[in-house]
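So the protein lines, in turn, are chains A and B.
For the first sequence, our numbering begins at 1 and goes up steadily by one.
For the second sequence, our numbering begins at 1001 and goes up steadily by one.
Protein chains: 2
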Amino acid sequence: MQSERLRQAGRKRVVIDDVWPQIDAGRFPIKRIQGDKVDVFADILADGHDLIRAVVRYRRQTGRAWKEALLRPVGNDRYHGTFSVADLGYHEYTVEAWIDHFESWATGLRKKHDAAVASDMDLRIGAELIAGAAARAKGTDAATLKQIAEEIVSPKVNLDLRVAQALDEKTEALVQKYPDRSHATRYDRDLRVWVDRKRAEFSAWYELFPRSASGTSGRHGTFRDVIERLPYVARLGFDVLYLPPIHPIGHTKRKGANNALNASPTDPGSPWAIGSEQGGHDSIHPELGTLEEFRELVERTRSYQMEIALDIAFQCSPDHPWVKEHPEWFVQRPDGSIQFAENPPKKYEDIFPLNFETPQWEALWQALKGVFDHWIAQGVRVFRVDNPHTKSFPFWEWLIEAIHQDHPEALFLAEAFTRPKRMYRLAKGGFSQSYTYFTWRNSPAELRDYLTELTNGEPAEFFRPNFWPNTPDILHEDLQTGRRAAFQVRLALAALLSSNYGMYGPAFELMDHVPREKKNEEYLNSEKYQIRDWTWDWDVDAKINDAASLAPFISRINAIRRSNPALHKNSGLKFHNVDNRALLCFSKATPDRDNVVFVCVNMDYEHTQSGFVEFSPPAVGLPQQPPFVVRDVLTGVAYTWREYWNFVELDPKKLPVHIFTLELHEVH
Amino acid sequence: MQSERLRQAGRKRVVIDDVWPQIDAGRFPIKRIQGDKVDVFADILADGHDLIRAVVRYRRQTGRAWKEALLRPVGNDRYHGTFSVADLGYHEYTVEAWIDHFESWATGLRKKHDAAVASDMDLRIGAELIAGAAARAKGTDAATLKQIAEEIVSPKVNLDLRVAQALDEKTEALVQKYPDRSHATRYDRDLRVWVDRKRAEFSAWYELFPRSASGTSGRHGTFRDVIERLPYVARLGFDVLYLPPIHPIGHTKRKGANNALNASPTDPGSPWAIGSEQGGHDSIHPELGTLEEFRELVERTRSYQMEIALDIAFQCSPDHPWVKEHPEWFVQRPDGSIQFAENPPKKYEDIFPLNFETPQWEALWQALKGVFDHWIAQGVRVFRVDNPHTKSFPFWEWLIEAIHQDHPEALFLAEAFTRPKRMYRLAKGGFSQSYTYFTWRNSPAELRDYLTELTNGEPAEFFRPNFWPNTPDILHEDLQTGRRAAFQVRLALAALLSSNYGMYGPAFELMDHVPREKKNEEYLNSEKYQIRDWTWDWDVDAKINDAASLAPFISRINAIRRSNPALHKNSGLKFHNVDNRALLCFSKATPDRDNVVFVCVNMDYEHTQSGFVEFSPPAVGLPQQPPFVVRDVLTGVAYTWREYWNFVELDPKKLPVHIFTLELHEVH
């Protein structure tokens, strides 16, 4: 029975419904970055004709005082207002509303006055309301209000003048400073916003294997080698340098080159088969260097305005210290042996999964948190989490919140290549960013549908996509042809459609494209199982179509991302009509429309495609009317467009991407 | 911080999201009637590859034991199951799910066996799971399970045979009787269903003014006269007889005929100006009869399988006893006088609204509840509530729940002619049925849109429309022409589109159609302000197009409603394509498709309209293939349809409505 709760509503006549945004009735926070505005909507109703006044209340969750911003009606009993979030961490918001007796009365008086039926009684009623505000007011306001209340009922003054004084803007403003909120209704839940630093929303990731970073054939790369690579990665324009696991690699059932079941003695093994007698998740593979050298790498990376992301993969090689120290953290078979990973009938005997149903789950959770704590202590603040969907969802929610308590600046990228609802649930549960299905959305129509799902409605409130054209696990069929245009387009789409993106290099910029076998997305001679010799340190300032490397192209794209704030968020994405299905055209705009970027790409990587595309500056909030000049910021070439529908042509053998901005000066 | 709550999740690996149906996170119940099935959906996820088992738990709210029904996966991590509600009142439901280790193991074993890699170890693991079930089992099941656990690891038996026994259906069924739910996850809220009696969903209302029921010009009608009218109303086929307020009528500022501001001494006044020195909301207007006569009317109405609905209008004439006894329940003006109703600059001086912000709100709430209690004590169980949106929303929610505690059979129809969100909120807050915008949805396209909104998605869970072609307040323009076809079509649409409908008679069946003035929906000589002489007791068995009254048509429509269960709910509504925009074609089907009715109406009330309409029996779940025979149950005429698209022609001067059912016998 709810009777008691309902009785407590008593004199509160306003009801508040359908507050937006909220995720699962406030069970999960929405996400924003520092400096963002939060737009809040609510249905606010009361009986009868009285007017309503409503505010959004918001605060840092740490018990600080509530602040308020007015909500204004936007039609159909819906109200809207905004507040800003400046600090990292949790914020709370809710809605409060009340009958505005003063405005209701003033509106009625205005109508009566217009109909010449206003009376002394009307003014006496208003005087009581104003006197009420006086009683709530402080200082001179109280005296002023008291005086107005007296004057508007003064028999010495003409009725019209008194009505005018009662309805004066200043009277209204003063009364509204001291509203009667004694019967205000508060929405029945406090909702939460989690506020991240900007990199949660705008980041460009470069993945490399440190062991292949030496630049010298036959020599195992080290952290010091990675330090040597930093200027190159920085010149490419990336801001997160992501390293696959750096821990000791198991030797039991170690995989050989190209995932061979039996490794030769010289095979280095997969970095994801974590743990040996040399240590586990808080140790460093000795051939990479020392903890001190790792700390130096972290520090030097920061000096380039980049930061290191570590790969946290919670699985253990049979040689991991935990296997001996904590066999109870694994699934034990009837004979006491530990169960290896399997997906029947396939076996993965080089890996032991953790058992999240162990009775010792609390110790296990703490140990796993300890891994993050350890690397945070070394200066790391960005983590790429391997296969989070194969570990308990409640664990991640607890872990991320626990880390965020002391380190709200920590970021977590979920490598959640899994079914859509699991992917979204990990994001709701705290992951800052997520891998996506981008790699497998390979036509303009598929990308329109997918981005529409990601950037509209509920997912946009908690899910931050991170688009990757390739990873060490995924060499998509589109890239296997080795066509430069495919690499260029997939990179441009990742970088321009999604404010977070990444690539696995140097495989990508060198257009490595040979799969291990047909119909397989694995690279031939994958770095997962062997060391590769790469040529590093390409000249990023070379001509954009330098034959051997995409480095100049990538560097140009990243520079365009940095200098155009429209590309720092996904909220301003809009697709544009075009009469050729091989072309994809979209724009991105900042919330206040002071930066708009318009992109066209040709997704036919073999043939020139052309068509008419609709780009109306007023439709994206810009003032320009045709004719106007657009400039391709990749090539510097300007075009005068004399209509909203304009011709574009993209030759994959030249450059399959246009990135336009509008020239501000007048066209004559 | 949620850490503590999250830590309690501990070993619970399953998470449950997006349970449907639920209204505002369970803040409001969904609604059903006795005997309904409730379809429950949920997203249920766990990490990894393990299989999940899930149930919906449900019970009467009165602390009874939970029952359970299995939820089955329907794709994309969504699960579905059903339960039935037999009793009136609140029921609760929620979802529980757990990792099904036995099924996960059995599925793996099956795959391994198919790949010829099953091992003794696999069976030993399974034996532990089966032994676990044995430990939870009772009686002979425990012994049987123990025996199976032993047999499948017996070294004396061939591995294939042991695998076969482990995977046997009987083994599975027995193990599933005793699942390991120690780490089961329960959805974090209990949701509610409010269950009404069938009349909440299927009802036909006839509104009449008792004072016009005498059948004798110049004599004020009485409850005894209404008793004389019961056989007629019953033969028309209605089951709710709704009376405007029956209380003493105020004389101060009484309105005269046609809403004149000054009444003549013989004007009877509006029944909605409630209260005089003869009493208020719990009294009877003396000219109508006594309380005993009213009770007799209630009883006699029941003997016709009908029931009385009373109009509860919470407003007071200046002569109402409450005005003197409880001036504090009204808005008092600075001079101590009571504020009449107004919508500035208009005044309604014959009415005092109640003040739901009074400090004495508790006494007021109790007094208003007392009005319902009083009439419930006289046998009334159906209430039509006048303008509920001008009284406090929290009050209604409290009131209806309080009445329902002792009288779950009580029904409340909201006369909520107001904005959509207020209309919906009253329904969420407990009103059993609501007036709608039906009267102002006057084209096939508008009706399709409106019914789609009402019968799909959230509103269908809590909002039960009651469609009225006319009311004493609303004589729609479409009826003002007096065209018989307009009356027939509007009544048929109300009765067939909505399982709840009503009409105001005899104005409707006699096609009263003259408005007070042009562009006005008020009746000329409205019964609200004067007594009307009606001819009652028409022969309902006359020819369907009897010249003077629609009684035979209405009686036929109501009989078709009663004998076709498809028309008892709105959930089976489907619109059908037709190539003429003046025609509206729809079907209604029972949940199990054992009754399907197909309707075509011509909404051009002047001209014959014809067209091809698509009606595919398989598309609505019927087995018939063309050719098939449809019979118009209004006229008895049968048609053989040889395609899915068939020709219909409707002449407004004959009969503008087809109501088809399918003949079950074969066509040759």
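Beta carbons are placed, not taken as given, at the ideal position from N, Cα and C, and that holds for glycine.
Query, Result
"Sequence-distant residues of the same chain with beta carbon closer than 6 Å to A:K347, five excluded per side", "none"
"C-beta neighbour in chain A for B:V1157, strict 8 Å", "no"
"Segment limits, beta strand (DSSP E) that includes A:Q609", "609 to 614"
"Cβ-based burial, B:V1163 [other Cβ within 10 Å; buried from 16]", "buried"
"From B:R1516, B:L1491, B:N1500, B:S1526, residue whose alpha carbon lies closest to that of B:E1509", "B:L1491"
"Pairwise C-alpha distance: B:F1628 and B:V1613", "15 Å"
"Status (buried if at least 16 other CB within 10 Å, exposed otherwise) for B:T1140", "exposed"
"B:D1537 versus B:P1552 - alpha carbon distance", "11 Å"
"B:M1001 versus A:V193 - alpha carbon distance", "Only weak support is given to the placement of B:M1001: the predicted model assigns it a pLDDT of 44, under 50, and the value that follows is read from those uncertain coordinates. So the two alpha carbons sit approximately 13 Å from each other."
"Against chain B: residues of the stretch 31 to 56 of chain A by CB proximity under 7 Å", "D43, L45, D47, G48, H49"
"Whole-Å CB distance - B:T1439 paired with B:I1474, under 8 Å assumed", "5 Å"
"Local conformation of B:E971 per DSSP, three classes", "Because residue 971 of chain B is not part of the residues shown, which for chain B are 1001 to 1668, the question remains open."
"Integer Cβ distance of A:Y232 from A:V19, believed to fall under 8 Å", "With 8 Å as the limit, A:Y232 and A:V19 do not qualify as a contact, their Cβ atoms being about 49 Å apart."
"Environment of B:P1618 [buried if 16+ CB atoms lie within 10 Å]", "exposed"
"Of the residues A:S84, A:T62, A:G75, the one placed nearest A:E68, counting alpha carbons only", "A:S84"
"Of the listed residues B:G1026, B:L1662, B:V1153, nearest to B:Y1093 (C-alpha basis)", "B:G1026"
"Environment of B:L1664 [buried if 16+ CB atoms lie within 10 Å]", "exposed"
"Span of the beta strand (DSSP E), counted from its first residue to its last, around A:E151", "No beta strand (DSSP E) holds A:E151; the alpha helix (DSSP H) holding it covers 139 to 151."
"Proximal chain A residues relative to B:W1361, where beta-carbon distance stays under 7 Å", "G10, R11"
"From B:S1443, B:K1543, B:P1408, B:D1319, residue whose alpha carbon lies closest to that of B:D1087", "B:P1408"
"Same chain only: Cβ atoms within 6 Å of A:C585, ignoring 5 sequence neighbours per side", "H576, V578, C600, V613"
"Interface partners of B:F1356 on chain A, CB under 8 Å", "R11, R13, D47"
"Of the residues A:Q315, A:A204, A:E461, A:D239, the one placed nearest A:T301, counting alpha carbons only", "A:D239"
"Contact between the stretch 453 to 465 of chain A and the stretch 478 to 494 of chain A (3+ Cβ pairs under 8 Å)", "no"
"Contacts that B:F1393 makes with chain A (C-beta to C-beta distance below 8 Å)", "R13, V15, L45, A46, D47"
"Whole-number beta carbon distance between B:P1565 and B:T1535, since they are thought to touch under 8 Å", "So it is not a contact: roughly 35 Å between Cβ atoms."
"Reference B:T1608; option with closest CA among B:G1221, B:S1434, B:P1652, B:D1632", "B:P1652"
"Entirely enclosed beta strand (DSSP E) segments - the stretch 1301 to 1338 of chain B, minimum 3 residues", "1307 to 1312"
"Delimiting residues of the beta strand (DSSP E) encompassing A:M423", "Counting along the chain, A:M423 falls outside any beta strand (DSSP E), though it belongs to the alpha helix (DSSP H) covering 420 to 428."
"Proximity of A:I554 and A:G237 at Cβ, strictly below 8 Å", "yes"
"8 Å Cβ cutoff, B:K1574 in contact with chain A", "no"
"Collapsed DSSP secondary structure at A:K198 in the structure displayed", "helix"
"B:R1556 in three-state terms, based on DSSP", "helix"
"Extent of the continuous beta strand (DSSP E) to which B:Y1523 belongs", "Premise fails: B:Y1523 is in no beta strand (DSSP E) and is neither H nor E."
"For A:W329 and A:V364, the rounded distance between their alpha carbons", "Per the sequence shown, the amino acid found at residue 364 of chain A is Leu instead of Val. Cα to Cα, A:L364 sits roughly 6 Å from A:W329."
"Check whether B:H1101 and B:L1129 have beta carbons under 8 Å apart", "yes"
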